[in-house]
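Before any comments, here is the structure.
Residue numbers (my numbering), protein chains in the order written: chain A, 362 to 674; chain B, 7 to 475.
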């Protein structure tokens with residue numbers, strides 16, 4: 362209606378709909394600013410303070426500069442926990458990406474024509490629907506020293522004495538990685554399948570006519586054209602890996618045993634926040650942020666390095 | 007341009023991830039105090055909600071049995087609604103929950119306030135300190151008189167008395183510890199199940215070790231797990247966990263526990279279990295090969311009785327001899343005197359149910375009939391000298407202990423309990439010490455690493471503590 366009353370001079374300029382664009386995207390930015398940006402900045406701020414609770418007394422906040430960071434790095438534990446996190450993540454990610462690619466390749470292969478695909482896709486996705494904590498409790502019971510796994514292994518005469526799975530570094534990490542793998546390979550398979558199905562089928566047909574084997578087609582067509590989806594899978598998995606918390610926390614009863622070799626970075630953060638140590642917690646969060654940002658950027662550039670080359674190799 | 011946009015998206019993703027990890031601390035509500043005051047003025051003299059903070063259902067069970075006005079199905083006392091807030095004590099979780107609630111006590115609405123909370127010996131000092139003032143004066147604020155408490159064991163009053171002599175908590179139980187052993191195994195290995203004769207085989211630690219060797223030779227385990235003897239050492243320390251410079255002090259007695267447990271583990275004298283683990287609990291049953299356990303009276307009822315039965319009470323099993331290992335136990339003093347745990351109740355400052363709290367305290371902690379009942383039906387060692395002495399002199403026998411009357415021995419031990427070596431940090435440090443050394447016992451790390459891990463964990467748990475140079 363306002364256009365009707367506007368002066369002819371303004372009418373000449375035309376109507377700008379741009380503001381509606383901004384209005385429509387504004388909710389995201391408002392929510393982001395309140396729930397993500399503000400907490401993030403306050404985390405930076407609090408990481409510069411000594412601020413914790415001693416019994417029922419609140420200590421601080423006293424400004425201490427970078428002391429919290431210094432304590433984290435000189436303590437020597439940070440690198441150890443970062444190492445733990447990375448090792449457990451990679452132990453789960455490698456089988457996850459291999460199995461997912463294999464399954465996705467089979468599911469999408471036109472020549473194989475697997476039957477009951479819907480059923481299998483549902484089944485492989487199922488573990489993801491279980492709550493991580495419940496899943497961890499289940500594994501804890503299964504693999505406890507008096508649990509069914511030990512009973513089965515003894516009955517099969519594979520071992521003579523029950524194994525305390527949670528008293529050894531390898532088995533504890535292995536179990537955490539196995540659970541992460543089981544929970545996420547279905548999800549990754551679906552994503553990879555989406556990536557493969559986005560490729561023009563005529564390329565595969567052309568390759569077939571040219572006499573390419575399925576292995577060649579996979580390496581020369583599928584893999585290069587799937588790069589964007591692989592980047593996405595890699596980055597999300599990596600960020601998920603850095604955030605790894607619920608499974609190891611429950612499986613080791615929050616102890617990260619043995620010898621803190623399954624304590625992940627976020628478990629460490631949780632321990633600080635559990636004793637209401639906001640300064641240390643803040644400092645650790647900032648470090649986590651920097652690590653995940655750096656990793657994301659590295660992965661992003663590593664995978665996009667060739668994308669400017671036009672015309673192929 | 008596209009690339010820039012993509013980087014922005016990636017960063018945004020990472021940003022929101024990192025932001026999730028931290029909760030800003032500055033948003034404590036401050037504006038609700040007015041509302042609280044006005045609602046208090048409008049409310050009747052006594053609140054309609056009794057909010058109780060605790061870490062397990064022990065007190066609820068006791069209240070159900072011995073406080074006639076409490077209706078456990080409706081969770082009410084008269085027209086007052088009882089709200090149980092239970093947080094397991096593992097990893098300081100109970101203390102954290104309680105701290106959070108107590109810090110908001112002043113600003114919470116009347117019905118949201120804590121009225122009663124329970125504490126354990128391991129951290130009693132934290133909540134009964136004068137400067138934090140979270141627990142009411144039992145005598146002045148609540149109105150329990152010294153005469154009411156005359157029959158209580160002195161140590162149960164001392165530990166909850168602050169530096170100004172104000173008593174801020176009260177308990178219904180005493181917890182002198184004993185060694186509780188299987189009669190059938192004693193007969194098989196030692197040739198007798200008589201408590202006096204069994205005590206002779208473990209009068210000191212050397213004899214205890216010898217007996218352990220005999221047990222192992224016959225295929226039995228002396229102890230059910232790594233942590234079983236912990237309290238017999240940690241209660242006999244020469245100084246508190248933390249000195250006046252806020253430094254953690256490892257007492258010699260603590261390292262004796264480490265060395266003894268390692269020796270027992272290497273020689274196979276104990277089952278390689280952790281305290282409270284299901285495997286540990288399973289050793290108490292009929293098929294268990296474990297000779298004995300260290301524990302006070304509450305341990306018998308709250309832990310062993312249930313674990314020893316073949317058919318749990320929930321499935322219709324009866325607490326009587328013949329149901330699993332129930333009744334196949336007896337108790338003797340063991341190689342060292344000690345205490346373990348104990349529960350005190352505190353009236354929270356700011357509660358609007360003071361007279362109800364007073365009545366609960368009187369009925370549960372100062373009543374001779376309740377005390378007698380606690381012992382007779384719950385195997386409890388009650389905090390009432392007169393009642394305990396009467397039971398000790400009577401022909402009472404505990405069904406769980408095969409008819410043995412162990413109250414006299416416990417009463418003698420209760421008189422000697424010294425809680426002066428406790429600190430507010432005991433729970434976290436005891437738990438951390440045990441956890442750190444589990445790695446040592448099961449062979450994952452050496453002693454030095456275990457100790458270093460303990461220090462690290464302690465400093466994360468208690469940022470104010472220092473490691474002695």
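Positions of the beta carbon are idealized from the N, C-alpha and C atoms, including for glycine. Remember, it's a predicted structure, so these values are computed and weren't measured experimentally.
Contact list for residue i against chain B, beta-carbon separation under 7 angstroms
{"i": "residue 638 (chain A)", "result": "469"}
{"i": "residue 615 (chain A)", "result": "97"}
Cut-off 7 angstroms between Cβ atoms - residues of its own chain near residue i, not counting five sequence neighbours on either side
{"i": "residue 84 (chain B)", "result": "75"}
{"i": "residue 554 (chain A)", "result": "465, 468, 469"}
{"i": "residue 168 (chain B)", "result": "134, 135, 136, 174"}
{"i": "residue 30 (chain B)", "result": "The predicted position of residue 30 (chain B) is uncertain, since its pLDDT is 38 and thus under 50; no value can be drawn from it."}
{"i": "residue 517 (chain A)", "result": "none"}
Neighbourhood of residue i by C-beta, 8 angstroms cutoff - its chain only, sequence neighbours within 5 removed
{"i": "residue 481 (chain B)", "result": "Past the boundaries of the shown model lies residue 481 (chain B); chain B is included only from 7 to 475, so the question cannot be answered."}
{"i": "residue 211 (chain B)", "result": "266, 341, 342"}
{"i": "residue 148 (chain B)", "result": "142, 353, 360, 363, 364, 367"}
{"i": "residue 27 (chain B)", "result": "Confidence in residue 27 (chain B) is poor, its pLDDT being 41 and thus under 50, which makes the residue's placement too unreliable to answer from."}
{"i": "residue 262 (chain B)", "result": "239"}
{"i": "residue 459 (chain B)", "result": "442, 445, 451"}
{"i": "residue 283 (chain B)", "result": "231"}
{"i": "residue 139 (chain B)", "result": "355"}
{"i": "residue 562 (chain A)", "result": "471"}
Exposed unless 16 or more other CB atoms sit within 10 angstroms - verdict on residue i
{"i": "residue 266 (chain B)", "result": "buried"}
{"i": "residue 399 (chain A)", "result": "exposed"}
{"i": "residue 476 (chain A)", "result": "exposed"}
{"i": "residue 619 (chain A)", "result": "buried"}
{"i": "residue 400 (chain B)", "result": "exposed"}
{"i": "residue 469 (chain B)", "result": "buried"}
{"i": "residue 544 (chain A)", "result": "buried"}
{"i": "residue 184 (chain B)", "result": "buried"}
{"i": "residue 249 (chain B)", "result": "exposed"}
{"i": "residue 574 (chain A)", "result": "exposed"}
CB-CB length for residue i against residue j, believed under 8 angstroms
{"i": "residue 186 (chain B)", "j": "residue 375 (chain B)", "result": "Incorrect: roughly 27 angstroms between the Cβ atoms, too far for contact."}
{"i": "residue 350 (chain B)", "j": "residue 181 (chain B)", "result": "11 angstroms between Cβ atoms; not a contact."}
{"i": "residue 335 (chain B)", "j": "residue 407 (chain B)", "result": "5 angstroms"}
{"i": "residue 386 (chain B)", "j": "residue 303 (chain B)", "result": "5 angstroms"}
{"i": "residue 57 (chain B)", "j": "residue 120 (chain B)", "result": "5 angstroms"}
{"i": "residue 630 (chain A)", "j": "residue 497 (chain A)", "result": "In fact, because the Cβ distance is near 18 angstroms, the residues do not count as touching under 8 angstroms."}
Within chain A, partners of residue i - CB distance below 8 angstroms
{"i": "residue 285 (chain B)", "result": "505, 506, 507"}
{"i": "residue 451 (chain B)", "result": "619, 620"}
{"i": "residue 132 (chain B)", "result": "416, 417"}
{"i": "residue 278 (chain B)", "result": "506, 525"}
{"i": "residue 445 (chain B)", "result": "528, 618, 619, 620"}
Cut-off 6 angstroms between Cβ atoms - residues of its own chain near residue i, not counting five sequence neighbours on either side
{"i": "residue 417 (chain B)", "result": "394, 398"}
{"i": "residue 377 (chain B)", "result": "388, 390, 393"}
{"i": "residue 656 (chain A)", "result": "599"}
{"i": "residue 472 (chain B)", "result": "252, 253"}
{"i": "residue 534 (chain A)", "result": "449, 623"}
{"i": "residue 526 (chain A)", "result": "504, 532"}
{"i": "residue 414 (chain B)", "result": "398"}
{"i": "residue 161 (chain B)", "result": "423, 425"}
{"i": "residue 259 (chain B)", "result": "239, 242, 243"}
{"i": "residue 596 (chain A)", "result": "657, 660"}
Proximity of residue i and residue j at Cβ, strictly below 8 angstroms
{"i": "residue 404 (chain A)", "j": "residue 647 (chain A)", "result": "yes"}
{"i": "residue 227 (chain B)", "j": "residue 277 (chain B)", "result": "yes"}
{"i": "residue 436 (chain B)", "j": "residue 240 (chain B)", "result": "yes"}
{"i": "residue 131 (chain B)", "j": "residue 429 (chain B)", "result": "yes"}
{"i": "residue 603 (chain A)", "j": "residue 653 (chain A)", "result": "yes"}
Beta-carbon neighbours of residue i, restricted to chain B and to distances below 8 angstroms
{"i": "residue 510 (chain A)", "result": "Near residue 510 (chain A) there are no residues of chain B at all, since even the closest Cβ is about 14 angstroms away, more than 8 angstroms."}
{"i": "residue 414 (chain A)", "result": "105"}
Under 7 angstroms by beta carbon: chain A residues contacting residue i
{"i": "residue 455 (chain B)", "result": "620"}
{"i": "residue 102 (chain B)", "result": "635"}
{"i": "residue 462 (chain B)", "result": "438"}
{"i": "residue 466 (chain B)", "result": "632, 633, 636"}
{"i": "residue 407 (chain B)", "result": "Within chain A, no residue comes near residue 407 (chain B); the closest Cβ sits about 27 angstroms away, beyond 7 angstroms."}
{"i": "residue 307 (chain B)", "result": "In chain order: nothing, as chain A lies at least about 25 angstroms away."}
Where residue i meets chain A, residues with beta-carbon distance less than 9 angstroms
{"i": "residue 258 (chain B)", "result": "Correct list: empty, because the minimum Cβ distance to chain A is about 25 angstroms."}
Partners in chain B for residue i, counting only beta-carbon separations shorter than 9 angstroms
{"i": "residue 519 (chain A)", "result": "By Cβ distance, chain B contributes nothing, its closest Cβ being about 20 angstroms from residue 519 (chain A), past 9 angstroms."}
{"i": "residue 391 (chain A)", "result": "Simply none; closest approach about 14 angstroms."}
{"i": "residue 420 (chain A)", "result": "469, 470"}
{"i": "residue 641 (chain A)", "result": "466, 469"}
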